[in-house]
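Asker:
Protein chains in written order, with UniProt numbering: chain A, 1 to 160; chain B, 1 to 389.
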């Protein structure tokens, strides 16, 4: 039940509760309870909106920043990650295997804003050894959603 | 001048679906519930294998029976999913869609005058294929009160001395009916006793929603008298790739391969490479699609209930088959009126046999958003009809 609810709402969090219950062969109360339990347990951590900002007038710059850090005794990477993710302009922070340690996704209004965050705030942290900043030029797909125009249904209208 | 066309062909009626296609194609803003193919694109990893095969220059014929590695995968699959073991070398043939397998099986099994039992409502090809193969089609009319399953009594009542072959079209297009194990066991007894053969069309086998599909060939004594046919169109959303297969005892497959060799040569090579990938790594895709279909199926059943349109609950394929007898119109009249007034295309049940009269085939191979639009229009139409009564 939970898995099925999550599969449906992962793609459409605004799905009508009654419709969801019908599709799962369940009733509204059961589904609603299940969802609110998952919210409390933070299985469901939030409901967001996918926006293609390129189609709006808003000025936005997104950067992926590779960060190499020195892990701290007793705390590993967690406390340094926390120092970074607490900045509101930081959208995501992942601990990564491979050539560097943390992947930081940062959103700012201008290039200058992003670069000053990196040089003033990020690089100056004691444990940060190095950073490499990559600016995003174009978003093709995000969270499983393709931003290109949807194809029209090309099937014949009626087939056996 | 003499008539260039053979009498046998002249006698075959064109499919009733064609007419609806022509009508609907001329109109604008038509929303359709009339398709018989998945709305999903073929999963990318499968398409990618097809593209890769082209890049590698795999553009030649394959062996007549199909790529060896594909036949091996087909047999692995049937063993894994249906519990039937076939020999990839002697008991498996890759065909151009399931449709070719239907045609071939009839052509190699029927002598002139042999009777073919065709339960209806069912797919439109069985009857003409039987006629073209020189057989005599005999229709068994399935009933709503049996949830459109074939019963032992119905089968017994239709068998004569001339009966050679039974077509078993489950999960069913257009009704969505499935045959459970106990239903199959009941008819298997009759089939063995009366010494007839079965052409089991299992193209919708992956799309069942309560219990897993049961292949009749997996029942004791049935493997040797069954041609199991299936394909990639419905399970993997690969209709345009035109790829199916048949598995049967070697004496039948050898003859089917012979006819296939002269008529077709070999199934499309690109599609065969893509199909290998589908069978090896496609289970997750099928499961995902099945879950989406099941949600829509429940959604439609619920909508019909609210509309007051009687409909038995189908557990297979991607169709529902509501009854419209209360409106005093033929299903063709209903469908035409619905198309004209609300621009919703559905297929009249009568297109799948006379006993489909009084029903509509409604497909849920559409996104939920599309279904909602179409159902909204259908509801308006039904309300209007009910108000006029």
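Idealized CB from N, CA, C, for every residue including glycine.
Taking CB distances under 8 Å as the criterion, tell me whether residue 155 of chain A reaches chain B.
Answerer: Closer than 8 Å: yes.
Asker: Touching or not, the segment 265-277 of chain B and the segment 202-211 of chain B, by the rule of three or more beta carbon pairs under 8 Å?
Answerer: Touching, no.
Asker: Hey, could you find the ends of the beta strand (DSSP E) residue 95 of chain B is sitting in?
Answerer: It spans 92-95 - the beta strand (DSSP E) in which residue 95 of chain B sits, taken as one unbroken run.
Asker: I want to see whether chain A comes within less than 8 Å of residue 295 of chain B, judged by CB atoms only; does it?
Answerer: Yes - at least one Cβ of chain A is within 8 Å of the one on residue 295 of chain B.
Asker: Can you list, in chain order, the residues of its chain with a C-beta nearer than 7 Å to that of residue 141 of chain B? Leave out the 5 residues immediately preceding and following it.
Answerer: So the list reads 120, 355, once near-sequence residues are dropped.
Asker: Could you tell me which residues DSSP pairs with residue 311 of chain B in its beta bridges?
Answerer: Its beta-bridge partners do not exist; DSSP assigns none.
Asker: What are the boundary residues of the alpha helix (DSSP H) that residue 13 of chain B is part of?
Answerer: Segment: none, residue 13 of chain B is in no alpha helix (DSSP H) and carries neither H nor E.
Asker: Could you give the DSSP three-state label for residue 135 of chain A: helix, strand or coil?
Answerer: The answer is strand: DSSP assigns residue 135 of chain A an E or B state.
Asker: Just the chain B side, please: which residues come within less than 7 Å of residue 22 of chain A by C-beta, in chain order?
Answerer: Those within 7 Å of residue 22 of chain A in chain B are 298, 299, 302.
Asker: Going by the beta-carbon positions, is the gap between residue 122 of chain A and residue 65 of chain A smaller than 8 Å?
Answerer: Yes, Cβ-Cβ distance for residue 122 of chain A and residue 65 of chain A is below 8 Å.
Asker: Indicate whether the contact test is met: 3 or more Cβ pairs, each with one atom in the segment 129-136 of chain B and one in the segment 272-290 of chain B, closer than 8 Å.
Answerer: Taking 8 Å as the limit for Cβ pairs, the verdict is that the segment 272-290 of chain B does not touch the segment 129-136 of chain B.
Asker: Name the chain A residues whose beta carbon is nearer than 7 Å to that of residue 347 of chain B?
Answerer: Simply 158.
Asker: Within 10 angstroms of the Cβ of residue 87 of chain B, are there 16 or more other Cβ atoms? Answer buried if so, exposed if not.
Answerer: So residue 87 of chain B counts as exposed.
Asker: I'd like the span of the alpha helix (DSSP H) that includes residue 199 of chain B, first residue to last.
Answerer: Here residue 199 of chain B belongs to no alpha helix (DSSP H); instead the beta strand (DSSP E) covers 197-201.
Asker: Using 8 Å as the threshold, is the C-beta distance between residue 321 of chain B and residue 361 of chain B below it?
Answerer: Yes. Within cutoff.
Asker: So residue 376 of chain B is in the alpha helix (DSSP H); what residue range does that whole segment cover?
Answerer: Where residue 376 of chain B is concerned, the enclosing alpha helix (DSSP H) stretches over 368-388.
Asker: Quick one: what does DSSP say residue 245 of chain B is sitting in, helix, strand or coil?
Answerer: DSSP places residue 245 of chain B in strand when its eight states are reduced to three.
Asker: Taking 7 Å as the limit between beta carbons, can you name the residues of its chain near residue 95 of chain A, skipping five residues before and five after?
Answerer: Result list for residue 95 of chain A: 77, 81, 101, 102, in chain order.
Asker: Going by C-alpha distance, which of B:326, B:192, B:182 is nearest residue 159 of chain B?
Answerer: Nearest of B:326, B:192, B:182 to residue 159 of chain B, Cα basis: B:192.
Asker: On the DSSP letters alone, give me the boundaries of the beta strand (DSSP E) that residue 14 of chain A sits inside.
Answerer: Element bounds for residue 14 of chain A: n/a, residue is neither H nor E.
Asker: Identify, in the order they occur along the chain, each residue of the same chain with its Cβ nearer than 8 Å to the Cβ of residue 8 of chain A, setting aside the five sequence neighbours on each side.
Answerer: Excluding positions up to five away in sequence, the list reads 15, 20, 23, 24.
Asker: Does residue 229 of chain B come out as helix, strand or coil in the three-state DSSP assignment?
Answerer: Strand at residue 229 of chain B.
Asker: Suppose contacts are defined by Cβ-Cβ distances below 8 Å. Is residue 319 of chain B in contact with residue 95 of chain B by that definition?
Answerer: Not a contact, by the Cβ cut-off of 8 Å.
Asker: Relative to the alpha-carbon of residue 383 of chain B, which residue among B:40, B:341, B:150, B:368 has its alpha-carbon at the smallest distance?
Answerer: Minimum Cα distance to residue 383 of chain B is reached at B:341.
Asker: Would you mind reading off the limits of the alpha helix (DSSP H) that contains residue 261 of chain B?
Answerer: That run of the alpha helix (DSSP H) goes 250-263.
Asker: State buried or exposed for residue 298 of chain B, treating a residue as buried only when at least 16 other CB atoms are found within 10 Å of its CB.
Answerer: With 16 or more other Cβ atoms within 10 Å, it is buried.
Asker: Taking only the alpha-carbon atoms, compute the straight-line gap between residue 98 of chain B and residue 357 of chain B and give it to the nearest angstrom.
Answerer: The straight-line gap from Cα to Cα measures roughly 26 Å.
Asker: DSSP puts residue 120 of chain B in a beta bridge; with which residues?
Answerer: According to DSSP, residue 120 of chain B bridges with B:141.
Asker: Would a check of beta-carbon distances place residue 24 of chain B closer than 8 Å to chain C?
Answerer: Of the protein chains in the structure, A and B, none is chain C.
Asker: Rounded to a whole number of angstroms, what is the C-alpha to C-alpha distance between residue 221 of chain B and residue 74 of chain B?
Answerer: Rounded to the nearest angstrom, the two C-alpha atoms are 22 Å apart.
Asker: Comparing C-alpha positions only, which one of B:385, B:167, B:162, B:190 sits nearest to residue 328 of chain B?
Answerer: Among B:385, B:167, B:162, B:190, the Cα nearest to that of residue 328 of chain B belongs to B:385.
Asker: Name the DSSP bridge partner or partners of residue 68 of chain A?
Answerer: The partner list for residue 68 of chain A (beta bridge, DSSP) reads A:130.
Asker: For residue 135 of chain A, does the count of other Cβ atoms within 10 angstroms reach 16, so buried, or fall short, so exposed?
Answerer: The residue is exposed, with fewer than 16 neighbouring Cβ atoms inside 10 Å.
Asker: So, for residue 61 of chain B: in the same chain, excluding its five sequence neighbours on each side, which residues have a beta-carbon less than 8 Å away from its beta-carbon?
Answerer: Cβ neighbours of residue 61 of chain B beyond the five flanking positions: 265, 266, 269.
Asker: Just to confirm, are residue 246 of chain B and residue 16 of chain B a CB contact at a threshold of 8 Å?
Answerer: Going by C-beta atoms, residue 246 of chain B is not nearer than 8 Å to residue 16 of chain B.
Asker: Put residue 345 of chain B into one of helix, strand or coil per three-state DSSP.
Answerer: Strand, per DSSP.
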